[in-house]
Amino acid sequence: MSALGYAEGEMCNRGGCVGVIELHRSENCSCHITPPCLSCTSPRGYCPACDWQEADDPLVVMEVTTIHLPTGFIERRKRVLDPSKIDYRIEAHSNSSQKVIGVYPEGTARAEVEQRVKGTFGGRFERFGSGHFTYIASTD
1 MSALGYAEGE
11 MCNRGGCVGV
21 IELHRSENCS
31 CHITPPCLSC
41 TSPRGYCPAC
51 DWQEADDPLV
61 VMEVTTIHLP
71 TGFIERRKRV
81 LDPSKIDYRI
91 EAHSNSSQKV
101 IGVYPEGTAR
111 AEVEQRVKGT
121 FGGRFERFGS
131 GHFTYIASTD
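Read in my numbering, the sequence shown has 132 at position 132, and its numbers run on one by one without any break.
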């Protein structure tokens with residue numbers, strides 16, 4: 001099976017689709033004030049042949065890379081989660097927990113995923129199934 005396309009100009013390859021990935025036009029771009037702007041760094045990829053939208057793909061995540069002070073502008077970059085292994089991203093949840101959102105290969109035991117993502121004081125699955133999970137990790 002060919003790799004799925006995510007970058008502009010790559011072949012889609014979703015369900016045998018032979019479409020080529022394109023980018024939606026950036027709207028309300030403010031790069032002329034503070035580049036790069038949220039509009040230009042948000043997921044804009046799509047396939048015109050099969051209607052795949054990068055913004056709706058659960059494997060595409062935006063991660064914080066830089067926080068610009070004093071404006072507090074948060075610069076994000078795109079990363080694609082790898083479903084061939086236990087892969088995840090971490091978000092803030094509360095003052096004593098983190099939300100872990102990720103993917104795992106089909107057939108992976110729930111306990112194996114929990115072992116990789118549980119917090120210092122344990123945690124709980126909010127969702128687990130079909131290769132995707134959300135886990136609340138207790139940190140304090």
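All residues carry an ideal CB built from backbone N, CA and C; glycine is no exception.
The structure presented is a predicted model; accordingly, all values stated were derived computationally and were not measured.
Please classify residue i as buried or exposed, where buried requires at least 16 neighbouring CB atoms within 10 angstroms.
i	result
C31	exposed
F133	buried
E126	exposed
E54	buried
G129	exposed
A92	exposed
G45	buried
Among the options, which one has its Cα closest to the Cα of residue i?
i	options	result
S9	I21, G123, A3	The sequence given here has Gly at residue 9, not Ser. Out of I21, G123, A3, I21 has the C-alpha closest to the C-alpha of G9.
G131	R110, H93, R116, C12	R110
P58	G16, G129, G102, A7	G102
D51	P35, R14, I136	R14
A49	G5, G107, S96, R116	G5
L69	E114, T34, R79	T34
E106	I136, S84, I74	S84
G19	K78, A7, C29, S26	A7
S94	R25, S138, E112, R124	S138
C40	L23, E112, I86	L23
At the level of alpha carbons, what is the spacing between residue i and residue j?
i	j	result
A3	L81	13 Å
F121	Q98	11 Å
M11	C17	8 Å
P43	V60	8 Å
S96	L38	29 Å
Y104	I90	15 Å
E114	T65	26 Å
V143	T108	Outside the shown range of the chain, which is 1 to 140, sits residue 143, and nothing can be said about it.
V28	R77	Per the sequence shown, the amino acid found at residue 28 is Asn instead of Val. Approximately 19 Å, taken between the alpha carbons.
G123	I86	17 Å
S26	E112	41 Å
T71	K118	34 Å
Return the Cβ separation of residue i and residue j in integer angstroms, given the expectation that the two are a contact with Cβ distance under 8 Å.
i	j	result
P36	E63	Not confirmed; about 14 Å, so no contact.
Does any CB atom of chain C fall closer than 8 Å to the CB of residue i?
i	result
F128	Looking at the structure shown, chain C is missing, and only one protein chain is on hand.
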